[in-house]
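Enquirer: Below is the structure I would like to discuss, written out as structure tokens.
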Amino acid sequence: MTLLDAIPTLSTLASGGAEHFAYHVAEAGPKWMALVPGLPLLGAVICLAMLLFKRDMGGRSRVPAYLVTALLGISFVVTLIGFLQWNHGQPWVVHAFEWINVAWGSGAGQSLQANASFYMDGLSWLWMLFVTGLGAAICLYASEYMANDKGYARFFSAFALFVVSMSCLVMGDNLVMLYLGWEGVGLCSYLLIGYFYTKPSAVAAAKKAFIVNRIGDLGLALGLYLTFTTFGTVQYDELFAMVSAGVDGSGHSLAGTWQATWIPLLLMIGAFGKSAQFPLYVWLPDAMEGPTPVSALIHAATMVTAGVYLIARMYPLFLMDEALTALHVVAYVGTFTAFLAATIGMAQFDIKRIMAYSTLSQLGYMFAGLGVLTTNGAAYHVFTHAFFKATLFLACGAVMHGFAGQLDLRKLSGLWNMKGWRIVSVAMLVGCLNLSGIPVITAGFWSKDMIIAEAFTTPNQVIAGSSLIGWVLLITAGMTAYYTFRVFFRVFVGPVEFEPGDEAHGHGDDDDHGHGGDDHGHAGHDAHGHGDGHFHPHAPGWAINFVLAALAIGSTVAILPNFMGDHGWVGGLLHDSTAFYQSGFGHHEAPAGEHALANSKMEVVPVAAHSAPAHGAPSHDSAPDAHAAGEVHANSFLGMNAHAVMYYVSTLFGLAGLAFAAYLHGPVGAWSFGIGNRTKAAVSRADGWKRAIGPIGRWAEHKWYVDEFYDLILRTPLRVIAHIFHAFDKLIIDGALVDGAGLLPRLLGRTLRPMQSGVLHGYATGMAAGIGIIVLIVLVMTLS
Amino acid sequence: MMSLLAAMSAGPDVPPMIAKLSIIVPEIVMFVGTCVVLMLGLSKTSTIRRASVGAAGLALIIAGIAAATGPQGVADSLLPHVMPYAKVLIAAVGFILLLLLTGTVDREVEAEADAGKPFDVLRANRAEFYAFFMFSLTGLMLCASADDLIWLFLALELTSLPTYVMVSISTARSRSQEAGVKYFFLGAFSAAMLLMGFTFIYGATGYTQLFGYHSIASVIGAQGSLGPIATLGFVMAIVGLCFKIAAVPMHFYTPDVYQGAAAGVSAMLAFVPKTAGFLGLMLLTSAVGWGLGGGYGLPSELRLLLWVVAALTMTFGNVLALMQRSVKRILAYSSIAHSGYMLVGIIAGPGAWGAGAPGNGLGAVLFYLMSYGVMNVGAFAVVASLEKQSGGEAEDVDDLRGLCKTHPLLGWIMVISSVTMLGLPFAIGFLGKFYLFTAGLRAGEVALIVVMGLNSAIAAFYYLRLAGAPLLEHRDEHEASLVVTAFNSRKLAGLISAVGVLALLPFADRLATLSDHAASYGASSEAAQASASQAEHVDARSVTDH
């Protein structure tokens, strides 16, 4: 703590146009905050114990589901109470127990302290509120969805453990806790993707997710280690105090050091792995092999946003680097991922996979937002996305649940008009509107817009090519609207048609089980069997409907935070967190009405003040000439204030995508504004278009062959090397070395063995001879 | 301190005999116990006869306590602190061995007696068997107390002679008698060598006393070198001791005798004569001192002798063990190999005068004796506990297959003791080897350490076979199943060994410190000073009256 005392008062922070994270001294929070991870942990342990001691009635017991749901619910309430009691501005540090405390010297950086403590600032609160809230809701959904699956208790045990790990990740007050949670969520993700462990594709997907994540985790681990060696601490309060003072652990300036560049780059790699950014995104679509509630919670709403959290949490470290190298990469990779995933999503037929690619795409938006210096936009998009993507996934899950695993949008149609599917359809519509960014009435519109507008506003001198990023994101927004409503128009409206899938799992009614197996035998041929004689779609029950309705409402209510306070509710939270960064290139959080004013707020700032957030660093004046010489103006959108016009521009793109979807896939009638002409589930106007664009559509459907490319350049060489090593091992190591080494003692033994004749005088002769030789040698030595 | 030493060695007011007696209280207890065992074992009443084992155990416990609470150091001694450590160790391992030896002899006689026939004292061996066991351990304790060549010789022979008889009577088979006879003749041969060596030493120095103002050590110290005669004497004495520790070139008897004797007696042979031999070696090399070889080494002739013997012993033991199918022969050869390892500690010596705990070769030897004593019993206990349906011990490696499934307790004991003897990390055997390695490296014996490392690798072949057969392999269906002995105390001995191997681990650090303290070298002035206060305290309490 002596280090902290040495750091000058932090009020000498940024003046000029850009506001930066201001270090707040933490205050002690109430101990009961430890219940937030503690209660789910209890649930996980109890479920596991039930499993181990065979008290789960062979998977029929509903206790695990309701227990974990209740505990997660209480956990959410505790989070909420804590949040309401929290005094905005000062982070809480809640000390649970001492965990790691070692010292190998008395100097700086010669001790490592990582307690089981929680650091609650605006960023942690935001994440924890939706992690526990959505966790409880989705758990309730799963209680119905997972019924009749073997290993019910196993599912909820891993589910609860996931929430524990996510809480550690988000709430931990040091990087070791973050890493613990990071690996914990990775483990739970692996366990839950591979939940149907008898299914080879699920096992392969689980392995893929785990292995691809290891690559990212390596970056994270190195980043954390470099952080520790640079700052000599892993505790947030000490770390950020140093960063805001612009010094490292031994008091030297950070400006221009290689660590300032590499710490963010390494952390960024970790974030890319967990948040499935290019090139480490390939695991996420496959992760849809897991049960749908898992896809909704882990692979859409919470875990995959851990990368966003990491960068937002470590934002001061990302700003250490004057050239903002890492943030450039984050912006480009995010934008590219958003675009790439959208192109793939447009060509898929599996609705859950489309949602997976849309998740990738939206995560790309969040990263792009972080890259163009709007942590607020990124965090708000995480928040809105969590709701509407969970809604979408759970709606898809309900479809999958009800139609025996059917997810092909060519084989389902008109759910809106089917009995018992109205709530699902409405929820799906709300989710689709949000994802498409339909203006004003959807939260997704406001959050996505914040990112795009900021991309156009951020000067090209700060983030090179930010305008291009803006354009790509705009185009992607149009594509998003297209593929989103492609799903809606195909599956939920239009003529009622369905063809059941081939999965026995998830059937609610007993009579489905009896002939579920023979159904798909002829279902394949009888492609258009209206209400197939044998198969009865299984409409969702109260739990699924209730959760869907709640989430649909939640997605809409998530608009409101945008209008709370100067920068929105999320902006207010971020203001009180380490992620706070206000570029000063124009206020973008203002609600629509204030946009006219935004122009006047545009400010001209010296770039040095912007790009050297580490104030007090001596390098201030020696900033690169190109930057220091000029003054940087906020960028504009075609000469107009991006913040003012972006609402209309993005609306235009969104509606264009929607109209395009309606034209290609919309059914006859009012749903598609009269421009659609689809009358069958499997056939639409898009088929002709697809033939027209030739191989491009096919390539997109095959995900641009990225998996095959990875297979070729990574897995094949590795396999070849493995075979070579195997042969080497067999021939040289096992053959020549081991067997050869074994041969020598054996030969020696065979030579010596006759001496052990068992004959007494033979032994006596041997002993006498031995003594004779020894005495002779020693005497010769002595006398010579 | 020096005046105290002078007073002790020449003190007119304390008769030397009385001073000696106070340090051999454990031996006296053992002797009394032996006599009681001998008489009880001959009783006509079955219950009293059976009580002889209990009496032996009781005597061991009392002797152990007496050693632990008795004098902790003796001033005029080469290894002033070795006694309590060695004697407690001997009593403890002796107790486990006693458990293992139950039921070895007299099973037919007892069965007949139980059936109502009159007890035939002349045919019964029980009294002799346990009494000889106790005699042997008494001799072993006396080895630790020895300060004189004659005492040492007598103690060594007291240790050895009873074992010749025990081997012969341990089973009714002729193989045992053959083994006993071989053992006796070769033992007598080696004793002759030993005695001849002692004679030369006496001839060269004029003393039989090992340490003191007028002693072998003082003469050698004054001369600054060993003369040819003394060298010859030490060489022959060491070679004679090689028989006790089963080292090349005196190792030939080991596999035949171990195989011929009952498993319990083999276990005893692996520990008792070996410990006696190493105590003798420690005393003899200490009398020469590690100051004559330049730096901190033995004179070059002795060093070379021990070096070659160590290297050959571990290599012979290990490569020949590879060729065996009999568990007892494997263990016999492994016992040879372990002696080779321990010789490294003797060569390394106690290190620089007053060196601290790490790298004390003698301490490493004592630690290794302790760990070997504990882990060795387990493997023999498994063999002792299994019998074939056709009679006789199940001693083939193949008999052990699938033992973890069929007889989990015995199987796991076998696995744990073999893995420990192999020296797999984080078992007590690993630490023993580790201390020997450290001591050898500290003494600069790099080549010997390389030989030792290679040998440890070779040893893995047969130890892993011993561990793998019960754990990984399966017993063929058609094979006759094994019968587990009715003597639960044998299984208990194995259990104590296996649990001890693991349970001692947390205390390994403490035990290593104890071993090093026990091995502190009396000729080192600093070591003597370091132990002065303790020695004075002890002396005042028990050795002297002033």
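Keeping their order, the protein sequence lines are chains B and V.
Sequential numbering from 1 applies to the first sequence in the working numbering.
Sequential numbering from 1001 applies to the second sequence in the working numbering.
Just so it is clear, CB atoms sit at the ideal spot from N, CA and C, and this is done for glycine as well.
Going by DSSP in three states, B:Pro-667 sits in which element: helix, strand or coil?
Expert: Of the three classes helix, strand and coil, the one that applies to B:Pro-667 here is strand, per DSSP.
Enquirer: Give me the residue from B:Gly-657, B:Gly-273, B:Ile-675 and B:Trp-671 with the minimum Cα distance to B:Tyr-663.
Expert: Selected option, being the one with the closest Cα: B:Ile-675.
Enquirer: Which residues mark the beginning and the end of the beta strand (DSSP E) in which V:Tyr-1521 is found?
Expert: It is not in any beta strand (DSSP E) - V:Tyr-1521 carries neither H nor E in the DSSP assignment.
Enquirer: I'd like the list of long-range same chain contacts for V:Gln-1389, defined as Cβ closer than 8 angstroms, with 5 residues on each side in sequence excluded.
Expert: Excluding residues within five positions, the ones whose Cβ falls inside 8 angstroms are Ala-1480, Ser-1481, Leu-1482 and Val-1483.
Enquirer: CB-CB under 8 angstroms to B:Val-780, same chain, minus the five flanking residues each way: which ones, in chain order?
Expert: Excluding positions up to five away in sequence, the list is empty.
Enquirer: If you run the structure through DSSP and keep just helix, strand and coil, what is B:Phe-130?
Expert: Helix.
Enquirer: 7 angstroms is my cut-off, CB to CB: does B:Ile-463 come that close to chain V?
Expert: False, the Cβ-Cβ gap to chain V never drops below 7 angstroms.
Enquirer: Suppose you measure from the CA of B:Gly-307 to the CA of B:Trp-421; what does that come to, to the nearest Å?
Expert: Taking the straight line from one Cα to the other gives about 35 angstroms.
Enquirer: Alpha carbon to alpha carbon, what distance is there between V:Ala-1439 and V:Leu-1305?
Expert: Taking the straight line from one Cα to the other gives about 18 angstroms.
Enquirer: Of all Cβ atoms in chain B, is any one closer than 7 angstroms to the Cβ of V:Pro-1273?
Expert: Answer no: the Cβ-Cβ gap between V:Pro-1273 and chain B never drops below 7 angstroms.
Enquirer: Just to make sure I have the definition right: I need the residues of chain V whose C-beta is within less than 7 angstroms of the C-beta of B:Ile-774. Which are they?
Expert: Simply Val-1235, Val-1239 and Leu-1305.
Enquirer: Mind the definition here: the segment 260–272 of chain B touches the segment 315–327 of chain B only if three or more C-beta pairs lie below 8 angstroms; say whether that holds.
Expert: Yes: the two stretches touch, three or more of their Cβ pairs being nearer than 8 angstroms.
Enquirer: Hey, B:Tyr-311 and B:Met-268 are a contact pair by Cβ (cut 8 angstroms); roughly how many whole angstroms apart?
Expert: According to the sequence provided, residue 311 of chain B is Ile. The question's Tyr does not apply to it. So it is a contact: roughly 7 angstroms between Cβ atoms.
Enquirer: Of the choices B:Val-649, B:His-88, B:Ala-276 and B:Val-491, whose alpha-carbon is the least far from that of B:Lys-352?
Expert: Among B:Val-649, B:His-88, B:Ala-276 and B:Val-491, the Cα nearest to that of B:Lys-352 belongs to B:Val-491.
Enquirer: Ends of the beta strand (DSSP E) at B:Asn-115?
Expert: It spans 111–120 - the beta strand (DSSP E) in which B:Asn-115 sits, taken as one unbroken run.
Enquirer: Would DSSP call B:Ala-103 helix, strand or coil?
Expert: Strand.
Enquirer: For a contact defined as C-beta to C-beta under 8 angstroms, what are the partners of B:Thr-578 on chain V?
Expert: Those do not exist, as B:Thr-578 stays about 43 angstroms from chain V at its closest Cβ, beyond 8 angstroms.
Enquirer: Return the residue from the list B:Tyr-581, B:Gly-38, B:Met-366 and B:Trp-92 that minimises the CA-CA distance to B:Ile-452.
Expert: Checking every option, the nearest Cα to that of B:Ile-452 belongs to B:Met-366.
Enquirer: Would B:Asn-148 and B:Gln-235 qualify as a contact pair, given that the criterion is a beta-carbon distance under 7 angstroms?
Expert: Against a cut-off of 7 angstroms, the Cβ pair of B:Gln-235 and B:Asn-148 comes out as no contact.
Enquirer: Is the CB-CB distance between V:Asp-1147 and V:Ser-1043 below 7 angstroms?
Expert: Not in contact: V:Asp-1147 and V:Ser-1043 (Cβ atoms no closer than 7 angstroms).
Enquirer: Please return the same chain residues whose Cβ sits closer than 6 angstroms to the Cβ of B:Tyr-416, not counting the five positions on each side in sequence.
Expert: A small correction: the amino acid at residue 416 of chain B is Trp; Tyr does not occupy that position in the sequence shown. Only Ser-425, Phe-492 and Val-493 meet the Cβ criterion.
Enquirer: Determine, using beta carbons only, whether V:Leu-1078 comes closer than 7 angstroms to chain B.
Expert: No, because no Cβ of chain B sits closer than 7 angstroms to the Cβ of V:Leu-1078.
Enquirer: Does the Cβ of B:Ala-617 have 16 or more other Cβ atoms within 10 Å, making it buried, or fewer, making it exposed?
Expert: Reliability fails at B:Ala-617, whose pLDDT of 36 lies under 50, so the model's placement of it is uncertain and no value is given.
Enquirer: Can you give the beta carbon distance from B:Leu-551 to B:Ala-427, rounded, assuming they're within the 8 angstroms contact cut?
Expert: The Cβ separation is near 7 angstroms, so the contact holds.
Enquirer: Quick one: what's got a C-beta closer than 7 angstroms to B:Trp-446's C-beta in the same chain, skipping five residues either side?
Expert: These residues qualify, in order along the chain: Ile-559 and Asn-562.
Enquirer: Starting from V:Asp-1256, follow the alpha helix (DSSP H) in both directions and report where the run begins and ends.
Expert: Its alpha helix (DSSP H) spans residues 1253–1260.
Enquirer: Give the residues of chain B in contact with V:Met-1314, contact being defined as C-beta atoms less than 8 angstroms apart.
Expert: None at all; the shortest Cβ gap to chain B is about 12 angstroms.
Enquirer: Over what stretch of residues does the alpha helix (DSSP H) that includes V:Met-1039 continue unbroken?
Expert: Segment 1025–1040, the alpha helix (DSSP H) holding V:Met-1039.
Enquirer: Should B:Trp-182 go down as buried or exposed, given a rule of 16 or more other Cβ atoms within 10 Å for buried?
Expert: With 16 or more other Cβ atoms within 10 Å, it is buried.
Enquirer: Name the chain B residues whose beta carbon is nearer than 7 angstroms to that of V:Asp-1256?
Expert: Simply Gly-758.
Enquirer: Counting C-beta neighbours from all protein chains within 10 Å, is the total for V:Gly-1392 16 or more, i.e. buried, or is it exposed?
Expert: Its Cβ having fewer than 16 others within 10 Å, V:Gly-1392 is exposed.
Enquirer: Nearest chain B C-beta to V:Glu-1301 closer than 7 angstroms, yes or no?
Expert: Closer than 7 angstroms: yes.
Enquirer: Name the chain B residues that come within less than 7 angstroms of V:Ile-1458, Cβ to Cβ?
Expert: Per Cβ cutoff of 7 angstroms: Pro-745.
Enquirer: If we define contact as Cβ-Cβ less than 7 angstroms, is B:Val-778 a contact residue for chain V?
Expert: Closer than 7 angstroms: yes.
Enquirer: Which bits of chain V does B:Ala-764 rub up against, with CB to CB less than 8 angstroms?
Expert: Those are Phe-1185, Leu-1186 and Phe-1189, listed as they occur along chain V.
Enquirer: Tell me the rounded alpha-carbon separation between V:Met-1129 and V:Gly-1073.
Expert: Before going further, note that residue 1129 of chain V is Phe rather than Met in the sequence given. Approximately 33 angstroms between the Cα atoms of the pair.
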